[in-house]
Amino acid sequence: MSKSIKPAAAPKSLEERTQANGYPVKYDVRIYDLKASGTQRAAANVNINGAFAIRGFRVMEGTNGLFVSMPSVKVKDGYKDICFPCTKEARAEFDKTVIDAYRQELSQLQKTGEQQAAPSLSPQQEQGQPAMSGM
């Protein structure tokens with residue numbers, strides 16, 4: 015008597031993954047090296063669920079606003095991301111979390127006056143969604 019094991023269907027959304035795993039994805043984002051000008055606005059390290067840490071994210075200013083650049087390695091024809099979210103939904107949530115942490119850090123620096131040349135957000139950046147970079 016052999017039992018047939020059916021593979022589980024792959025979850026399609028972040029909500030389905032959260033329900034399937036039994037716990038939500040929690041990101042602990044550390045923002046550092048804020049810059050007042052240039053395309054790179056900050057660097058970030060991210061700890062995922064207290065179990066996996068990734069260093070080397072960058073908060074970038076592009077023509078469509080802020081976006082998160084993944085850690086990458088130089089290859090023959092350009093750069094290739096070392097790590098990345100596997101779904102569009104996971105990418106959107108990840109980018110939003112990192113950019114929100116950047117904005118919060120920027121706001122705290124402006125309020126406390128710890129950094130004399132703290133970069134400020136334009137009204138477009140404050141209300142806009144993060145731009146997505148290629149995976």
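Letter by letter, the sequence shown follows residues 15 to 149 of my numbering.
Just so you know, even glycine gets a beta-carbon here, dropped at the ideal spot from N, CA and C.
- Collapsing the DSSP output to three states places K49 in coil.
- DSSP places K94 inside the beta strand (DSSP E), whose first and last residues are 92-95.
- Between the alpha carbons of A57 and K110 lies a gap of roughly 15 Å.
- Beta-bridge partners assigned by DSSP to R72: A57, S83.
- Looking at the DSSP output, K88 shares a beta bridge with Y93.
- Rounded to the nearest angstrom, the gap between the Cα atoms of T126 and Y46 is 16 Å.
- The bridge partners DSSP lists for R44 are N59.
- Taking C-beta separations shorter than 7 Å and ignoring five residues to either side along the sequence, the partners of G70 in its chain run P85, following chain order.
- Per DSSP, reduced to three states, the secondary structure at F98 is coil, with no helix or strand assignment.
- When the alpha-carbon of S83 is set against those of V89, F98, K90, the nearest one is in F98.
- V89 and R72 have their C-alpha atoms spaced approximately 19 Å apart.
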